[in-house]
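> Mind having a look at this structure? Questions to follow.
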Amino acid sequence: MSYTLMFYESQEDFEARTDPSRQQEYLAGWTHYVHALRQAGIVVFGSGLYAPETAATMKRRGGEMAVQDGPFPETKEQLGGIFVIDVPDIDTALEWAARGPVDTVEVRQNMPALKQSIDGN
45 MSYTLMFYES QEDFEARTDP SRQQEYLAGW THYVHALRQA GIVVFGSGLY
95 APETAATMKR RGGEMAVQDG PFPETKEQLG GIFVIDVPDI DTALEWAARG
145 PVDTVEVRQN MPALKQSIDG N
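Okay, structure coming up:
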C-alpha cells in the first residue's frame with residue numbers, strides 16, 4: 045500500500061535550514077531518517093520543500109483563479125516536505141511517520157493511479 049507522509053515544520057525549523065549555527069543539527073535528524081527509509085527499501089519518492097514565503101496559492105474567486113502569494117498567515121506550521129512510501133498497512137506507515145525528526149506528520153493513503161486505455165475506453 046502506498047502512503048504519503050507530510051512533514052510540517054515551524055518557521056524556526058525553516059530558518060534552521062540555512063542558519064550556519066543550526067543547520068548541521070537540523071540536517072543530522074533528516075539524514076538519519078532518510079537513510080533509515082532508504083535502507084528499508086520503502087521509499088517511492090521524497091522531497092523537501094522550499095520555505096513557505098516562496099509559495100504561491102491559487103484560489104478561485106467568482107469563478108476565476110487568482111494567485112495569492114505565500115501561505116495563509118494564520119498557520120503556525122507549514123508543509124516542509126513529503127515522502128511517499130510503500131508499506132503493508134497504515135500501522136507501518138504510522139510507525140515510520142513517528143520516527144521523523146518533526147513534531148507534526150500527516151499520513152494519508154494514496155489513491156490508486158487512474159488507468160485508461162490508449163483508445164480512451
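Using this note's numbering, read the sequence shown as starting at 45 and increasing by one per residue. For every residue, glycine included, the Cβ atom is placed at its ideal position computed from N, Cα and C. Since we're looking at a predicted model, the values are computed, not measured.
1. If you reduce the DSSP assignment to three classes, tell me which class Y52 lands in.
2. Hey, how far is the Cα of L49 from the Cα of V78?
3. Going straight from the alpha carbon of E150 to that of G90, what length do you get?
4. Grab the span of the beta strand (DSSP E) containing V128 for me, first residue to last.
5. Taking the alpha carbon of P145 as the point to measure from, which residue in M102, D130, L71 and G106 has its own alpha carbon closest?
6. Using CA coordinates, which residue listed in P64, R82, A95 and L81 is at the minimum distance from E53?
7. Would you call D57 buried or exposed, if buried means 16 or more other Cβ atoms sit within 10 Å of its Cβ?
8. So that I know if they touch, is there some Cβ in chain D lying closer than 8 Å to that of P96?
9. Please classify Q67 as buried or exposed, where buried requires at least 16 other C-beta atoms within 10 Å of its C-beta.
Result, derived from the coordinates:
1. Position 8 of the sequence shown, counted from the start, is the residue given in the question as residue 52. DSSP places Y52 in strand when its eight states are reduced to three.
2. Taking the sequence shown and counting its residues from 1, the one referred to as residue 49 is at position 5. Taking the sequence shown and counting its residues from 1, the one referred to as residue 78 is at position 34. Approximately 12 Å, taken between the alpha carbons.
3. To locate residue 150, count along the sequence shown from 1; it is residue 106. To locate residue 90, count along the sequence shown from 1; it is residue 46. Between E150 and G90, the C-alpha separation is close to 14 Å.
4. Numbered from 1 along the sequence shown, position 84 holds the residue referred to as residue 128. Segment E121 to D130, the beta strand (DSSP E) holding V128.
5. The sequence position of residue 145 within the sequence shown is 101, counting from 1. Of the listed residues, the one whose Cα sits closest to P145 is L71.
6. As a first step, residue 53 must be located in the sequence shown, where it is residue number 9. Closest by alpha carbon: A95.
7. Here the question's residue 57 lines up with position 13 in the sequence shown. With 16 or more other Cβ atoms within 10 Å, it is buried.
8. No chain D appears in this structure, which consists of one protein chain only.
9. In the sequence shown, the residue the question calls residue 67 occupies position 23. Counting Cβ neighbours within 10 Å, Q67 comes out exposed, since fewer than 16 surround it.
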